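If you count by the numbering used here, then the first sequence holds residues 10 to 812, one letter each, in order. The C-beta atom is built at its ideal place from N, Cα and C for all residues, glycine as well. Quick caveat, the model's predicted, so the values are computed rather than measured. See below for the structure under consideration.
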Amino acid sequence: MDYAFKQIEKKWQDKWYSEETFKTKDDKTLPKFYALVEFPYPSAHGLHVGHPRSYTALDILARKRRLEGYNVLYPIGWDAFGLPTENFAIKNKIHPRIVTADNVANFKRQLQSIGFSFDWSREINTTDENYYKWTQWIFLQLFKKGLAYKQEMPINWCTSCKVGLANEEVVNGVCERCGSEVVQRNKSQWMLRITEYAQRLIDDLDDLDYIEKVKIQQKNWIGRSEGAEVDFKIAGTDDAITVYTTRPDTLFGATYMVLSPEHPFVEKYKDKIKNYDEAAEYRAQAARKSEFERTEMAKDKTGVMLDGLCAVNPVNGKEIPVWISDYVLMSYGTGAIMAVPAHDDRDWEFAKKFNMPIIEVVAGGENVQEAAFTDTATGKMVNSGFLDGLEVKEAISAMIEYLEKNKIGTKKVNYKLRDWVFSRQRYWGEPIPLVWCDHCGWVPVDESELPLTLPETDNFEPGENGESPLAKMTDWVNTTCPKCGAAAKRETDTMPQWAGSSWYYLRYIDPNNSDAIASEENINYWMPVDWYNGGMEHTTLHLLYSRFWHKVLYDIGVVNTPEPYARRTSHGMILGENNEKMSKSRGNVVNPDDMVETFGADTFRTYEMFIGAFDQSTPWSINGVRGCYRFIERVWNMQEMLTDEEGYSKDFESLMHKTIKKVTEDIERMKFNTAIAALMALTNDFYKKGSITRGELRTFLILLNPTAPHMTEEMWERAGFGGCLNETEWPKYDEAKTIDDEVEIVVQINGKVKDRITIAASLSKDEMEKAVIENDKIKALIDGKAVVKVICVPGKLVNIVVK
RNA sequence: GUCGCUGUGGUGGAACUGGCAGACACAACAGACUUAAAAUCUGUCGGAUGAAUAAUCCGUACCGGUUCGAUUCCGGUCAGCGGCACCA
Numbered sequence: 010m011d012y013a014f015k016q017i018e019k020k021w022q023d024k025w026y027s028e029e030t031f032k033t034k035d036d037k038t039l040p041k042f043y044a045l046v047e048f049p050y051p052s053a054h055g056l057h058v059g060h061p062r063s064y065t066a067l068d069i070l071a072r073k074r075r076l077e078g079y080n081v082l083y084p085i086g087w088d089a090f091g092l093p094t095e096n097f098a099i100k101n102k103i104h105p106r107i108v109t110a111d112n113v114a115n116f117k118r119q120l121q122s123i124g125f126s127f128d129w130s131r132e133i134n135t136t137d138e139n140y141y142k143w144t145q146w147i148f149l150q151l152f153k154k155g156l157a158y159k160q161e162m163p164i165n166w167c168t169s170c171k172v173g174l175a176n177e178e179v180v181n182g183v184c185e186r187c188g189s190e191v192v193q194r195n196k197s198q199w200m201l202r203i204t205e206y207a208q209r210l211i212d213d214l215d216d217l218d219y220i221e222k223v224k225i226q227q228k229n230w231i232g233r234s235e236g237a238e239v240d241f242k243i244a245g246t247d248d249a250i251t252v253y254t255t256r257p258d259t260l261f262g263a264t265y266m267v268l269s270p271e272h273p274f275v276e277k278y279k280d281k282i283k284n285y286d287e288a289a290e291y292r293a294q295a296a297r298k299s300e301f302e303r304t305e306m307a308k309d310k311t312g313v314m315l316d317g318l319c320a321v322n323p324v325n326g327k328e329i330p331v332w333i334s335d336y337v338l339m340s341y342g343t344g345a346i347m348a349v350p351a352h353d354d355r356d357w358e359f360a361k362k363f364n365m366p367i368i369e370v371v372a373g374g375e376n377v378q379e380a381a382f383t384d385t386a387t388g389k390m391v392n393s394g395f396l397d398g399l400e401v402k403e404a405i406s407a408m409i410e411y412l413e414k415n416k417i418g419t420k421k422v423n424y425k426l427r428d429w430v431f432s433r434q435r436y437w438g439e440p441i442p443l444v445w446c447d448h449c450g451w452v453p454v455d456e457s458e459l460p461l462t463l464p465e466t467d468n469f470e471p472g473e474n475g476e477s478p479l480a481k482m483t484d485w486v487n488t489t490c491p492k493c494g495a496a497a498k499r500e501t502d503t504m505p506q507w508a509g510s511s512w513y514y515l516r517y518i519d520p521n522n523s524d525a526i527a528s529e530e531n532i533n534y535w536m537p538v539d540w541y542n543g544g545m546e547h548t549t550l551h552l553l554y555s556r557f558w559h560k561v562l563y564d565i566g567v568v569n570t571p572e573p574y575a576r577r578t579s580h581g582m583i584l585g586e587n588n589e590k591m592s593k594s595r596g597n598v599v600n601p602d603d604m605v606e607t608f609g610a611d612t613f614r615t616y617e618m619f620i621g622a623f624d625q626s627t628p629w630s631i632n633g634v635r636g637c638y639r640f641i642e643r644v645w646n647m648q649e650m651l652t653d654e655e656g657y658s659k660d661f662e663s664l665m666h667k668t669i670k671k672v673t674e675d676i677e678r679m680k681f682n683t684a685i686a687a688l689m690a691l692t693n694d695f696y697k698k699g700s701i702t703r704g705e706l707r708t709f710l711i712l713l714n715p716t717a718p719h720m721t722e723e724m725w726e727r728a729g730f731g732g733c734l735n736e737t738e739w740p741k742y743d744e745a746k747t748i749d750d751e752v753e754i755v756v757q758i759n760g761k762v763k764d765r766i767t768i769a770a771s772l773s774k775d776e777m778e779k780a781v782i783e784n785d786k787i788k789a790l791i792d793g794k795a796v797v798k799v800i801c802v803p804g805k806l807v808n809i810v811v812k
């Protein structure tokens with residue numbers, strides 16, 4: 010009997026969507042479960058097979074938790090502002106709103122064809138006015154709290170197109186569209202002060218149930234370090250170059266200084282610097298490189314010594330030369346470093362190349378350069394005046410004390426984390442609701458005026474001189490100051506795509522509220538998100554940004570929890586059959602539509618979960634899909650083996666309880682592949698037995714239902730178990746029935762397996778040892794040897810150590 | 001370069017907290033059914049020696065360490081993947 014998945018899957022999907030089967034309940038007395046997946050960016054390519062990996066996983070958890078009596082919120086929406094849609098719109102002369110609507114319709118059809126149990130009544134879209142009204146509102150709160158400010162920041166500038174480019178549009182240093190040179194050019198941009206929250210973003214990780222690698226990655230990204238800021242006087246001036254160092258103990262080993270080529274002193278001391286032209290030329294060269302290229306270790310060190318500028322080492326009064334080099338960035342620390350070539354790899358390379366003196370200050374043996382800067386550095390100080398003989402750790406404290414006493418430096422905590430560049434010179438984003446008034450400065454649009462809607466236009470091309478396309482729309486730009494009424498101009502930059510995705514989990518809990526982000530009542534009930542699954546690639550940007558916004562909302566009393574997500578897990582990437590990333594150019598893209606069409610949604614879902622370890626990346630295999638299809642058909646055909654017996658047959662009782670336990674626990678641990686393997690093994694056992702009782706089938710169908718919901722509902726109905734499967738209860742297991750009376754244990758001699766014996770599971774260690782020693786085979790093997798030790802692990806093994 | 005992760009049969013993977021390496025699949029091969037093929041069902045399936053479903057040895061990227069015992073813990077090396085702040 011063939012399984013007619015097309016008709017059956019359609020039948021149940023029609024029922025679910027028309028009856029809103031999975032709509033979240035209003036009942037706030039029930040225990041809640043808020044499951045969240047990263048909402049997709051609706052691209053023109055349609056759904057990728059990677060999306061359903063995350064969505065199926067949490068769909069399984071959501072469906073299981075519903076059967077366990079939870080009130081489940083499992084929502085979905087569209088993260089729809091962004092660059093690809095805008096570029097598509099420009100290229101094809103279609104308004105991005107229309108492009109977005111088309112893509113959303115396609116994504117929605119695709120997601121619904123897979124049978125996810127999303128609550129579609131809560132669908133949100135970041136480009137809806139009623140959504141971005143609140144994105145703008147949150148921005149205004151940030152602005153009012155002093156967390157938004159303007160600063161000159163470099164943008165990628167295409168010298169031919171005369172537009173600003175996203176990093177992704179710069180390929181090998183040239184413009185992706187025209188191939189012309191791209192340079193860094195400064196532009197005044199809106200910034201968000203995420204660094205003010207750096208310490209809390211680290212500290213609060215401790216109480217969260219995030220997978221460890223996410224915590225580590227976030228901590229390293231924020232990059233807290235302790236050290237000192239030290240002032241090096243510029244000889245013959247009142248100015249000092251301030252550097253940040255984590256190793257103030259090595260100050261006596263500083264033999265030169267390096268400024269970032271953009272450091273303001275280069276301009277300020279233009280007249281003093283004899284080779285200024287050379288320096289300016291070097292700076293222009295550096296502007297052509299990305300930060301990534303500049304800091305790459307593999308490349309050859311370059312730099313220019315500023316002739317005429319000298320710094321004074323504050324601890325020994327020695328004059329040392331000042332260089333500029335592109336490996337020093339303005340964006341970290343103070344934009345200047347003291348170079349201690351004996352104890353830093355990059356400084357050492359630089360010093361070798363330019364013949365700068367190298368002074369060893371920590372006794373480190375022959376390979377001085379190997380004694381790199383680390384937190385765990387140890388050793389005795391040498392060539393270091395009053396520090397000589399001290400251990401590194403003592404020397405650090407002693408030096409900080411000295412610096413502070415003599416007012417030449419201070420202890421300082423530094424973070425690698427940088428403030429968030431929040432401006433985009435683009436059309437398809439939320440307008441920033443601020444007005445520039447010559448009298449009042451930056452004035453927020455009145456909150457009652459929100460949303461500040463994106464003005465209509467047919468021309469989304471970037472503006473002149475790197476301005477946003479909105480700058481061309483003077484009717485919209487020219488306005489009056491909300492404060493004093495004078496003529497004023499609107500901000501024309503828009504927000505980055507990250508804005509809408511930084512708070513979307515809050516909108517799902519009350520998506521139509523017109524008075525607030527969400528009602529207090531709903532926030533109190535639903536927050537925090539219980540389980541958030543998403544890709545590792547979002548760990549340091551999206552996940553950190555949304556934690557930051559949530560904390561700001563917490564500080565102003567909008568939300569009730571200091572963190573948005575109680576738990577964070579991550580899925581691995583699905584690669585093409587050839588083990589490479591799926592991409593059109595590689596021709597290895599798998600279309601979910603084809604899979605659903607050929608094999609059905611249940612097979613597709615099962616394969617997505619069976620493909621491999623959930624948190625690891627793994628290649629697609631069409632043969633693997635066929636294997637899952639075979640499994641689905643074998644399950645379907647079990648109907649022919651169905652008996653009239655109600656409970657479990659005697660031989661299967663223990664196995665049924667073990668399988669319930671295994672599947673229940675594996676789903677919670679996201680071990681979906683082994684949960685399915687257990688159900689496959691059970692299916693094989695039913696085939697061997699040649700029959701299945703009604704009780705066995707009933708339990709089996711519930712266990713498989715979260716993974717293959719359509720077929721299991723149909724089989725439930727045909728078996729006449731009553732009602733719908735999705736309204737029944739998750740089966741319970743009896744722990745006692747999962748434990749065997751007898752176990753096979755391994756007998757090892759000196760760690761090598763020699764025999765297997767079956768003994769009662771209840772035996773104590775002594776009894777086990779006795780049973781093994783008295784075994785004839787073992788007796789023969791240890792005959793004539795001295796037994797040194799016997800290790801007994803109940804239920805597992807006995808290891809006899811002999812000499 | 002840097003931060004993080006990963007490395008197990010022909011392939012995807014399993015092995016819970018250090019205790020039988022290879023569950024469950026895929027592929028391959030063989031058998032049953034069939035006029036035949038497909039589908040389905042059943043069986044074999046890490047390597048070496050071996051007639052063997054006997055026995056022994058080797059085997060979880062590589063080198064070393066800890067341990068009665070290491071795929072698992074520690075140190076080092078190599079390779080691959082993800083992030084690197086304006087793709088999402």
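- Proximity of residue 519 and residue 528 at Cβ, strictly below 8 Å: Closer than 8 Å, so yes.
- Mind pulling the alpha helix (DSSP H) runs of 4 or more residues that sit fully within the region 265-353? Those alpha helix (DSSP H) runs which fall completely within the region 265-353 and span 4+ residues are 273-277, 285-296 and 300-304.
- Query: In terms of residue numbering, what span does the alpha helix (DSSP H) encompassing residue 26 cover?
  - Reply: Where residue 26 is concerned, the enclosing alpha helix (DSSP H) stretches over 14-28.
- Query: Any idea which residues DSSP pairs residue 5 with across the strands?
  - Reply: Examination of residue 5 is not possible in this model, given that the chain is present from 10 through 812 alone.
- Sort 579, 688, 480 and 211 by Cα distance to residue 625 and report the nearest one. The shortest Cα separation from residue 625 among 579, 688, 480 and 211 belongs to 579.
- Could you tell me if residue 116 is buried or exposed, where buried requires 16 or more neighbouring beta carbons within 10 angstroms of its beta carbon? Residue burial annotation: residue 116 is buried, with at least 16 other C-beta atoms found within 10 angstroms of its C-beta.
- Message: To the nearest angstrom, how far is the alpha carbon of residue 590 from that of residue 631?
- Response: Residue 590 and residue 631: Cα-Cα distance of roughly 16 Å.
- Query: Taking only runs of the alpha helix (DSSP H) that begin and end inside the region 552-621, which ones reach a length of at least 4 residues, in chain order?
  - Reply: Runs found: 601-608 and 610-619.
- Message: I'd like to confirm the pairing. Which residues does DSSP put opposite residue 768 in its beta bridges?
- Response: Bridge partners of residue 768: 752.
- Query: What is the C-beta distance between residue 41 and residue 80, in whole angstroms, given that I count them as a contact (C-beta under 8 Å)?
  - Reply: Sure, about 5 Å apart at Cβ, within 8 Å.
- Query: In three-state DSSP terms, what is residue 395?
  - Reply: Here DSSP, grouped into helix, strand and coil, assigns residue 395 to helix.
- Would residue 290 be called buried (16 or more neighbouring beta carbons within 10 Å of its own) or exposed? Exposed is the label assigned to residue 290, since fewer than 16 other Cβ atoms lie within 10 Å of its Cβ.
- Query: Can you find a heavy atom of the ligand GDP that lies under 7 Å from the Cβ of residue 465?
  - Reply: Looking for the ligand GDP in the displayed structure turns up nothing, as the structure carries no ligands at all.
- Item | Exposure label - residue 608; buried when at least 16 CB within 10 Å | Residue 608 is buried by the Cβ-count criterion.
- Query: So, is residue 36 buried or exposed, given that buried needs 16 or more other C-beta atoms within 10 angstroms?
  - Reply: The residue is exposed, with fewer than 16 neighbouring Cβ atoms inside 10 Å.
- Task: Give the secondary structure of residue 134 by DSSP, where H, G and I count as helix, E and B as strand, and everything else as coil.
- Result: In this structure, residue 134 counts as strand in the three-state DSSP scheme.
- Query: How is residue 492 classed by DSSP in three states: helix, strand or coil?
  - Reply: The answer is coil: DSSP assigns residue 492 none of H, G, I, E or B.
- Query: Ordered along the chain, which non-local residues of its own chain (more than five positions away) have a Cβ less than 7 Å from that of residue 234?
  - Reply: Within its own chain, the residues whose Cβ lies closer than 7 Å to the Cβ of residue 234, once the five positions on either side in sequence are excluded, are 255 and 423, listed in chain order.
- When the distance is taken between beta carbons, is residue 479 closer than 8 Å to residue 230? In terms of Cβ geometry, residue 230 and residue 479 do not form a close pair [threshold 8 Å].
- Please report the residue range of the beta strand (DSSP E) in which residue 729 lies. Looking at the DSSP string, residue 729 is not in any beta strand (DSSP E), and its letter there is neither H nor E.
- DSSP three-state call for residue 234: helix, strand or coil? In the structure shown, the three-state DSSP call for residue 234 is strand.
- Count the C-beta pairs between the region 447-467 and the region 397-412 that are closer than 8 Å, then say yes if the count reaches three, no if not. Taking 8 Å as the limit for Cβ pairs, the verdict is that the region 397-412 does not touch the region 447-467.
- Task: Specify the secondary structure class of residue 806 as computed by DSSP and reduced to three states.
- Result: Correct three-state label for residue 806: strand.
- Query: Can you pull the DSSP bridge partners for residue 219?
  - Reply: Note: residue 219 sits in a beta bridge opposite 577.
- Task: Just mark residue 16 as buried or exposed, buried being the case when its beta carbon has 16 or more other beta carbons within 10 Å.
- Result: Result: exposed.
- Task: Assuming residue 490 contacts residue 444 (C-beta within less than 8 Å), just tell me the rounded distance between them.
- Result: So it is a contact: roughly 6 Å between Cβ atoms.
- Query: What did DSSP end up calling residue 241 once you bin it into helix, strand or coil?
  - Reply: Residue 241 falls in the strand class under three-state DSSP.
- Task: Check whether the Cβ atoms of residue 428 and residue 202 sit closer than 8 Å, and answer yes or no.
- Result: In this structure, residue 428 places its C-beta atom within 8 Å of the C-beta atom of residue 202.
- Task: In angstroms with no decimal places, state the Cα-to-Cα distance between residue 471 and residue 93.
- Result: Our two residues, residue 471 and residue 93, have alpha carbons roughly 14 Å apart in a direct line.
- Can you have a look at residue 515 and say buried or exposed, based on whether 16 or more other CB atoms are within 10 angstroms of its CB? Around the beta carbon of residue 515, 16 or more other beta carbons sit within 10 angstroms, so the residue counts as buried.
- If residue 703 sits next to residue 662, beta carbons under 8 Å apart, how far is it from one beta carbon to the other, in whole angstroms? That pair is no contact at about 14 Å.
- Message: Report the CB separation of residue 602 from residue 119 in whole angstroms; it is logged as a contact under 8 Å.
- Response: About 6 Å separates the two Cβ atoms, so the contact holds.
- Excluding sequence positions up to five away, which residues of its chain have a Cβ less than 8 Å from the Cβ of residue 565? Excluding residues within five positions, the ones whose Cβ falls inside 8 Å are 150 and 154.
- Query: Of all the options 395, 658 and 442, which has the alpha carbon lying nearest to the alpha carbon of residue 457?
  - Reply: Of the candidates 395, 658 and 442, the one whose C-alpha sits nearest the C-alpha of residue 457 is 442.
- Message: With DSSP as the reference, identify every bridge partner of residue 451, one or two as the case may be.
- Response: Secondary-structure assignment with DSSP links residue 451 through a beta bridge to 445.
- Task: May I ask you to list the residues that DSSP assigns as paired with residue 541?
- Result: Residue 541 pairs with 45 and 577.
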